[in-house]
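Note that the sequence shown covers residues 40 to 350 in the numbering used here. Don't be surprised by glycine CBs; every beta carbon is placed ideally from N, CA and C.
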Amino acid sequence: MRDHDLPARERRTRGKRRFDDDEPLFLKRGRAAEPVPADPDAEPDPDTGERWSSWDDAVHGPQPHPDWLVTELAAKDTELGVLKTGKEADVHLVRRAVPGTDRSCLLAVKRYRDAQHRLFHRDAGYLEGRRVRRSRENRAMAGRTAFGRQMIAGQWAAAEFAALARLWEIGARYGTISVPYPVQLRGTELMLEFLGDPAEGLAAPRLAQLRPEAGELRDLWDQMVDALVVLARAGLAHGDLSPYNLLVHAGRLVLIDLPQVVDVVANPQGPEFLARDVRVVATWFAARGLPAGEADPAALTALLLRETGIR
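#1: Would you check if the distance between the CB atom of F312 and the CB atom of V320 is smaller than 7 angstroms?
#2: So L146 and M230 are in contact, right, with Cβ under 8 angstroms, and what is the actual spacing, rounded?
#3: Apply the 10 Å Cβ neighbour rule to L426 and answer buried if 16 or more other Cβ atoms are within range, or exposed otherwise.
#4: From L344, V222 and V293, pick the residue whose C-alpha is nearest to that of D96; which is it?
#5: Does the segment 241 to 254 come into contact with the segment 281 to 297, if we say contact requires no fewer than three beta-carbon pairs (one atom in each stretch) closer than 8 angstroms?
#6: Under the three-state reduction of DSSP, which class applies to W207: helix, strand or coil?
#7: Just to confirm before moving on: does the CB-CB distance between W260 and L329 stay below 7 angstroms?
#8: Mapping DSSP to helix, strand and coil, what is Y151?
#9: Tell me which residues share the same chain as V137 and place their Cβ nearer than 6 angstroms to its Cβ, disregarding the 5 neighbours each side in the sequence.
#10: Compute the distance between the beta-carbons of V98 and D116, then report whether it is under 7 angstroms.
#11: May I ask which residues mark the beginning and end of the beta strand (DSSP E) holding E118?
#12: Hey, could you find the ends of the beta strand (DSSP E) V133 is sitting in?
#13: What does the alpha-carbon distance come out to for the pair R142 and L122?
#14: Looking only at its chain, what residues have a beta carbon closer than 6 angstroms to the beta carbon of D279, apart from the 5 residues adjacent to it on each side?
#15: Only counting the same chain, and skipping five residues up and downstream in sequence, which positions put a Cβ closer than 8 angstroms to that of D129?
#16: Can you grab the Cα-Cα spacing for the pair E333 / R327, in whole Å?
#17: Using 7 angstroms as the threshold, is the C-beta distance between R318 and P336 below it?
#18: Which partner residues does D236 have in the DSSP bridge list?
Below, the structure is given as structure tokens:
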């Protein structure tokens, strides 16, 4: 996919990063002002574990919404367990269903930890190039005050949601990159498409868990290169790419964990983050048997930097 193949809106906004200061276009779409049937923050029913859906009280993902997604206000969310724990956020499995009907879907719910429990061990470099408008917030973030840490948590969540929405729309048009559908954003909580076995509630495996045969390995590498090129043409790098934040679902390589997405142009360390992403995944593929000439980190990094327009 060449740059001229991108939709006009993508071409117009390549020089304008919409992950922090600017509200993403999809956030500006209006929503129907329907009443919320109950307080979404209320404690879940002690007998059923259900609470009312927070759909009407959240920012929604790109339209058209997928057919599988339950958007009815009468729906209830039921916590089913924890899919993953991490230093900055935990991912939970939730079923959203309309009582008395067969309408239901599984969601992966990523909850960033609050200011007292999150660890900001490596955020400084990623946040370069991200700025909020008010100096008070900038000072609080720089000083890592409790308020500043909460501000950073909000930036992580909003950046990830905006990145997923943008990449989902590109992938939906061209099929060259796969990410989970971003269902909704509410504060520092993201609801995402669950990728895995819905009958068993088992998440799709991470790339690191697999030992693919030669043909599958080559196909996954080709998908990896395509995804990196799409990111580069959007002026972005994943920022923390590894076999542990790539899923393989129905034969497709899926990028996850995008809160630290890096603007390669605006961030002074952007090229270094991009080069590290390439080096980490190329090393994994080479260790699994991909010929070294096909997984050349230096050559691929140079190609991607050209795609960003930096070189």
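From the atom records:
#1: no
#2: 5 angstroms
#3: Residue coverage of the chain in this structure runs from 40 to 350, which leaves residue 426 outside it and unanswerable.
#4: V222
#5: yes
#6: helix
#7: yes
#8: strand
#9: E111, A113 and A114
#10: no
#11: K115 to T124
#12: A128 to A136
#13: 23 angstroms
#14: Q299
#15: V121, K123, K149, R150 and R152
#16: 13 angstroms
#17: yes
#18: L241
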